[in-house]
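Each remark here refers to the structure printed beneath this line.
Residue numbers (our numbering): 1399 to 1674.
Laid out in structure tokens, this is it:
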């Protein structure tokens, strides 16, 4: 398991391109059959990717989390961004189509991820955060995630936000998770920008052509930096950092948050005049 330590904003401002990528970009999430898991010290979120050709059990080294199994004191959110598959949770099989989501509650010991067709494998993106309560495992289909339209074409940021795990829908202890799709011709996400002083966030960018990428902007408002992010790669966004992006073509991203609260509107908005 890869481990990412927390970085102070003053330290981040001194990093070069390779160092920024080392600390904040997750390049290989969906390589090989084994789960690719990254443990972060940002609210102790675990980020993972699984692209199974056969059944794959998701487990973790107990020495890292200090527990006998992954969800002994944790919860998990999963969204499939690949071919159809299924997740076996404590022996119960749950079908997972493209863009279906699943919340898996604290205390579930066994989780087995599979694809229906090895030639068209599922790609499971997962986030896991510490949990203090037990909420039931619940599936969220793409159709279940009610769309909310934001932005405008004149600003090149017209987009549709779908919430999968949130206080008014599928309940969790602290994990909030959803998906944003940009309209054709729009390139900007989360612009005007904001930060979350009380929560960290992670972004997974996907649904991009091979030649396209996203410039993901991060850093404090007066010390912005960028990462070049390609298909199926994820970015860690600390609570002190803005998080916005502009793509060379169309793209979709999954956002997930963990921290002090679950209020979607709890954002520290930053005036455009302060961005440098």
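We treat Cβ as the ideally placed atom computed from N, Cα and C, and that holds for glycine.
Apart from the five residues just before and just after residue 1451, which ones in its own chain have a Cβ nearer than 8 Å to its Cβ?
Indexing the chain shown from 1 puts residue 1451 at position 53. So the list reads 1431, 1513, 1516, 1519, once near-sequence residues are dropped.
Do residue 1476 and residue 1506 count as a contact pair if the criterion is CB distance below 8 Å?
Along the chain shown, read from residue 1 onward, the residue named residue 1506 stands at position 108. Along the chain shown, read from residue 1 onward, the residue named residue 1476 stands at position 78. Result no, Cβ atoms of residue 1506 and residue 1476 do not sit closer than 8 Å.
One question on the structure: do residue 1583 and residue 1551 come within less than 8 Å of each other, judged by their Cβ atoms?
Here residue 1583 is taken as the residue at index 185 of the chain shown, counted from 1. Here residue 1551 is taken as the residue at index 153 of the chain shown, counted from 1. For residue 1583 and residue 1551, yes; Cβs fall inside 8 Å.
Short check: CB of residue 1571 to CB of residue 1624, under 8 Å?
As a working note, residue 1571 is residue 173 in the chain shown. As a working note, residue 1624 is residue 226 in the chain shown. No, these two residues do not count as a Cβ contact at 8 Å.
Just the C-alpha distance for residue 1576 and residue 1422, rounded to the nearest angstrom, thanks.
Reading the chain shown from its first residue, position 178 is the one you call residue 1576. Reading the chain shown from its first residue, position 24 is the one you call residue 1422. If I take the Cα positions, the gap works out to 20 Å.
Between 1629, 1523, 1600, which has its C-alpha nearest residue 1456's C-alpha?
Here residue 1456 is taken as the residue at index 58 of the chain shown, counted from 1. The candidate whose alpha carbon is nearest that of residue 1456 is 1523.
Leaving out five residues on either side along the sequence, give the residues of the same chain with a beta carbon under 6 Å from the beta carbon of residue 1554.
As a first step, residue 1554 must be located in the chain shown, where it is residue number 156. Cβ neighbours of residue 1554 beyond the five flanking positions: 1584, 1585, 1586.
With DSSP as the reference, identify every bridge partner of residue 1673, one or two as the case may be.
For the purposes of this step, residue 1673 is identified with residue 275 of the chain shown, where counting begins at 1. Looking at the DSSP assignment, residue 1673 forms no beta bridge with any residue, so it has no partner.
Is the distance from the Cβ of residue 1568 to the Cβ of residue 1599 below 8 Å?
Position 170 of the chain shown, counting from 1, holds the residue named residue 1568. Position 201 of the chain shown, counting from 1, holds the residue named residue 1599. No, they are not a contact pair.
For my contact list, residue 1462 and residue 1399 are in at a C-beta cut-off of 8 Å; report their separation, rounded to the angstrom.
By 1-based counting over the chain shown, the position of residue 1462 is 64. By 1-based counting over the chain shown, the position of residue 1399 is 1. Indeed, because the Cβ distance is near 6 Å, the residues count as touching under 8 Å.
Applying the criterion that 16 or more other CB atoms from any shown protein chain within 10 Å of the CB defines a buried residue, is residue 1561 buried or exposed?
Indexing the chain shown from 1 puts residue 1561 at position 163. Buried, since its Cβ has 16 or more Cβ neighbours within 10 Å.
In the DSSP assignment, find the unbroken alpha helix (DSSP H) run with residue 1462 in it and report its ends.
Here residue 1462 refers to the residue found at position 64 of the chain shown. That run of the alpha helix (DSSP H) goes 1460-1463.
Who are the Cβ neighbours of residue 1615 in its own chain at under 7 Å, not counting the five residues just before and after it?
As a position in the chain shown, residue 1615 is number 217, starting the count at 1. Once the five neighbours on either side are set aside, the close Cβ partners of residue 1615 are 1622, 1624, 1640, 1642, 1643.
Whole angstroms are fine: how far does the CA of residue 1403 sit from the CA of residue 1538?
Counted from its first residue, the chain shown places residue 1538 at position 140. Counted from its first residue, the chain shown places residue 1403 at position 5. If I take the Cα positions, the gap works out to 32 Å.
Is the separation between the beta-carbon of residue 1601 and that of residue 1635 shorter than 8 Å?
Residue mapping note: residue 1601 aligns to position 203 of the chain shown, counting from 1. Residue mapping note: residue 1635 aligns to position 237 of the chain shown, counting from 1. Against a cut-off of 8 Å, the Cβ pair of residue 1635 and residue 1601 comes out as a contact.
Taking its Cβ as the centre, do 16 or more other Cβ atoms sit within 10 Å of residue 1412, making it buried, or is it exposed?
Position 14 of the chain shown holds residue 1412. It counts as exposed.
Quick one: grab the DSSP three-state call for residue 1551.
As a first step, residue 1551 is located in the chain shown; it is residue number 153 there, counting from the start. In the structure shown, residue 1551 sits in a helix (DSSP, three-state: H, G or I).
Within the same chain, show all residues whose beta-carbon is closer than 8 Å to that of residue 1407, passing over the 5 residues directly before and after it, in chain order.
One-based indexing of the chain shown puts residue 1407 at position 9. Contacts found: 1617, 1618, 1621, 1636, 1638, 1639.
CA-CA distance, residue 1549 and residue 1610?
Residue numbering aside, residue 1549 sits at position 151 when the chain shown is read from its first letter. Residue numbering aside, residue 1610 sits at position 212 when the chain shown is read from its first letter. Answer to the nearest angstrom: the Cα atoms are 22 Å apart.
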